Every structure is written in structure tokens, then in C-alpha cells.
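Take this note's numbering: the final residue in the sequence shown is number 260, and no numbers are missing along the way.
Where a beta carbon is used, it is the ideal one built from N, C-alpha and C, also for glycine.
All values derive from a computational prediction rather than experimental measurement.
Quick notes on the structure that follows.
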Amino acid sequence: MSYIGTVSAIKFGILSPDLIREMSVAEIQNPDTYDEDGMPVPGGVMDPRLGTLEPGQRCKTCGNTYLNCPGHFGHIELPAPVIHVGFIKHIYNLLKATCRSCGRILLSDEEIINSKAKIEEMKKSGKTSKEIYYKILQKAMSTTTCPHCDEHQLKIELEKPTTFIEITDEGPRRLAPHAVRARLERIPDEDLDLLDVDPKVARPEWMVLTVLPVPPVYVRPSITLESGFRSEDDLTHKPVDILRVAQRL
């Protein structure tokens, strides 16, 4: 029996490290794809637990052939945090709008109460407006001393693509990805609501990657050339490159 309904909304989020591990069937650690016999290398990006593309073979996870196997994700544990370039603008704004010490939004308690009231009023009216969040962000970013812990805020600059520089009295200092992630972790959930971020589906520290999902083999199938050689998809080459770099760290 089919169900017919109406989609009222689609909400997007960010995969958390725990969710990536939970939906994974294998940790991928080996940059090799196939052995000398042309079989997928266990622990490699073509690990047979991620699915199968060959007729007559069965998936090591679900036991189905390529016709019925849905494909399965793997994951790579990164040796060091990596800033996701797709979220660089959001990270930049969050770093400038929150305290470098306590992580609170750079608004006074009174400003927080007033801002939450305006957001609640907007939600009750059924209308959505980015203008409210934009004004909150601009106000927070213009604050030079934290109203909650009295910490003086330092200027932060972005050197594209993903390098953050903090201007100290001693001179410019680079913020390493692990330091950026630590700051984002300190931002409380209730303050994220003021910055138009839903902490249930998008905690800001998830924008700095510590675990990388490896897609099933179905979305990156190999092709056999006329010469008989096998050619791999770019979505296979990239995890291989990442694993090789990880081994050198």
C-alpha cells in the first residue's frame, strides 16, 4: 500500500562525527583499492563491505548481489581536524560573534532576552526573515568586550581558503583547526538559536571535520577501458589521496 502525503518542509543539517561512525560499516585505512588478483582490498576504499558491483559476488555486509544491495557507507578517521571549506563563512561569523574565552554570544543578557522575544514573535506570525538574525550577528560582531566574562576580543581575519588569523599585541597568530574547533565547541545551544543555527542538526564544531564519510561503491563505479585496464571514479581517487596524506602525518 502506497502512502500519499504532502511534504510541508525539508530541513537540512550537518552529519555529526558520531552519526558518520554509526552509519558506517567499516573504517577505511588502506589507500590501496585492489590486490594483485584484482580483488577489493579489505579496509580499502573498495572494501567489499561497502557493496559489490560484480555479478555473482555478494556484499559482505548485507549478503545481497549487486542487484539488491543498497550500498553501505564507510568512514575515515582523520589524524587531525580539517576545516570544511564549504562552511568557512559560517565559521568566520561564529568566531567573530562569540567570546574567544567562554564561547557565549557577544550580547548582554538584556539584548539576548529582547532578541529571543523578536525571534519568537516572528515564528508565531508564520513569517521568516533573515533580517532579524543579520542584525543580531552584526551587533555581536561589533562587541569588543564579552558581557559575560569581560574577556577582550581580538580581531580575527580570514586568509582564504581556510586560514584564520587572530591579531594579538605580539602580532598575527594563526588559529589551528583544532583551536577553531575547540572555540566552536564552547558555544552553548541556547546562543546558537540567536545565530540561526539549529544545534540539534548542526552543531558548529561539526563544520571542522574529524571523521570523513566514504560513499558506497555504487555512487562511484569503476569502468573498464578498451585496453582492459580499470579506471576509478574521482570519488574513489579523493579518499585514496586523503588516506595517503593521513599516513604521512
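Return the residue from the list the options that minimises the CA-CA distance to residue i.
i, options, result
"Q164", "A108, A91, V219", "A108"
"P158", "Y144, R115, P188", "R115"
"S153", "I39, T247, E38, K166", "K166"
"V212", "I25, Y14, G16, I15", "I25"
"R32", "G137, T221, R255, G62", "T221"
"L169", "V256, R184, D180", "R184"
"I102", "T173, K138, G16", "T173"
"P226", "D202, K171, S112, H83", "H83"
"L30", "T44, E142, H86, E122", "H86"
"I123", "M133, A151, E142", "A151"
"G55", "D161, I253, I94", "I253"
"D58", "D43, G67, P66", "D43"
"D202", "E65, E181, L117", "L117"
"L195", "P53, I94, Y45, K138", "I94"
The alpha helix (DSSP H) spanning residue i covers which residue range?
i, result
"P250", "245-259"
"A128", "120-135"
"P158", "No alpha helix (DSSP H) contains P158, which DSSP labels as neither H nor E."
"L30", "28-33"
"L203", "200-203"
Straight-line CA distance for residue i to residue j?
i, j, result
"V197", "K22", "Residue 197 is actually Arg in this sequence, not Val. Using only the alpha carbons, I get a separation of about 25 Å."
"S27", "M50", "32 Å"
"M218", "S238", "42 Å"
"E177", "L236", "51 Å"
"D48", "T247", "19 Å"
"V251", "V96", "19 Å"
"P90", "F175", "20 Å"
"P92", "Y14", "43 Å"
"R60", "L186", "38 Å"
"S119", "K100", "24 Å"
"D200", "P215", "10 Å"
"R255", "T63", "24 Å"
"V261", "I39", "The shown model of the chain, from 12 to 260, leaves out residue 261, and the question about it has no answer."
"N4", "F98", "Residue 4 lies beyond the range of the chain shown here (12 to 260); nothing can be said about it."
"M133", "K141", "10 Å"
"G16", "S136", "25 Å"
"R259", "T156", "41 Å"
"R231", "T139", "39 Å"
Give the DSSP-derived three-state secondary structure of residue i in the structure shown.
i, result
"F98", "helix"
"P210", "coil"
"V52", "coil"
"Y266", "Nothing about residue 266 can be read from this structure; the chain reaches only from 12 to 260."
"N104", "helix"
"K150", "helix"
"R185", "strand"
"A20", "coil"
"E47", "coil"
"E168", "strand"
"P59", "helix"
"L195", "helix"
"I87", "strand"
"E142", "helix"
Taking 6 Å as the line, does the beta carbon of residue i fall inside it for any heavy atom of the ligand NAD?
i, result
"A193", "This structure lacks the ligand NAD; in fact it carries no ligand of any kind."
Provide the residue span of the beta strand (DSSP E) that contains residue i, from first to last.
i, result
"V219", "219-225"
"I178", "174-179"
"E216", "E216 -> no beta strand (DSSP E), and no H or E assigned at all."
Stretch-stretch touch, CB-based, cutoff 8 Å, three pairs: the segment 207-222 with the segment 13-20: no
Meets three-Cβ-pair contact criterion under 8 Å: the segment 186-197 and the segment 130-148: no
Three-pair Cβ contact test at 8 Å for the segment 127-134 versus the segment 64-76: no
Three-pair Cβ contact test at 8 Å for the segment 235-251 versus the segment 63-72: no
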